[in-house]
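Asker: My questions all concern the structure below.
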Amino acid sequence: MKLGRGKTKTFALQQFLLLMLMLLAGNGLSQADSFTERRAHVGLKLFRTLVSADLEINNKSNAQGVLPITLLYANKDEQAKEYQQSLQQSFKAVKKIPTEIETLSAVQMLNNAEFKTAAIFIAQPLSKSELNKVIQYGIKHRIIIFSPFEGDVEQGVLGGLSVQATVRPLINKHTLNKSQLSIKPFYLKVAKYYE
73 MKLGRGKTKT FALQQFLLLM LMLLAGNGLS QADSFTERRA HVGLKLFRTL VSADLEINNK
133 SNAQGVLPIT LLYANKDEQA KEYQQSLQQS FKAVKKIPTE IETLSAVQML NNAEFKTAAI
193 FIAQPLSKSE LNKVIQYGIK HRIIIFSPFE GDVEQGVLGG LSVQATVRPL INKHTLNKSQ
253 LSIKPFYLKV AKYYE
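For what it's worth, the working numbering labels the leading residue of the sequence shown as 73, then goes sequentially.
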């Protein structure tokens, strides 16, 4: 099939625009992923601070005298394992109580009647049903549940982050009241509240 000179240029331009669109779409996904990654890494720092601000953390160690900290994921543990390595290096103890950082799927957690932890960091977005059950677990057992994902605090997760002109801790006031957690006043003073 032979194209005229004008049609060849049009065809080449269409191909070029299609290629650019594909590259930009891929770049947009990569930027979204890196934004989520940045939120998660900042979230890990705020999570450590929030757990350290729990005034009852001394009562949450297990029989071995260790604070179990859980990184919860939906169905893929790669990200949780990466965060686990980071926390193992930066979060070795709270108030001189050693921590043990574990990864666990939401299904494993919710199906284990004997599950006990001192705090949970949500490492991968959960289904609405799983998220609600995890929130209820946190309230019932008076533990910190933290999620770096947008919208989770508004759904009832205790802690997250607010990204505006500055990054601040975000606290769900209703969940805080229901769980009767005692958090250091300084942390609560600098936090933004969702009511």
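For each residue, glycine too, the CB sits at the ideal point set by N, CA and C.
1. Can you look up A263 in the DSSP assignment and give me helix, strand or coil?
2. Which residues share a DSSP beta bridge with T175?
3. Please list, in chain order, all residues of the same chain as P197 whose beta carbon is under 7 angstroms from its beta carbon, the five residues on each side excluded.
4. Going by DSSP, what residue range makes up the beta strand (DSSP E) through A191?
5. Go ahead and label N99 buried or exposed: buried means 16 or more other beta carbons lie within 10 angstroms of its beta carbon, across all protein chains shown.
6. Please report the Cβ distance between I243 and G231, rounded to the nearest whole angstrom; I am assuming they are in contact, meaning their Cβ atoms lie under 8 angstroms.
7. Check for me: the beta strand (DSSP E) holding N244 runs from which residue to which?
8. Report the option in L260, H213, S219, K264 whose CA atom is closest to the CA atom of K250.
9. Near Q160, which residues of its chain fall below 8 angstroms by C-beta distance, leaving aside the five closest residues on each side in sequence?
Answerer: Based on what the coordinates show:
1. coil
2. L143
3. A146, F221
4. 191 to 194
5. Any reading at N99 must be qualified, since the residue scores a pLDDT of 46, below 50, and its modelled position is unreliable; the value itself is stated next. Exposed, since its Cβ has fewer than 16 Cβ neighbours within 10 Å.
6. 6 angstroms
7. 239 to 244
8. H213
9. I173
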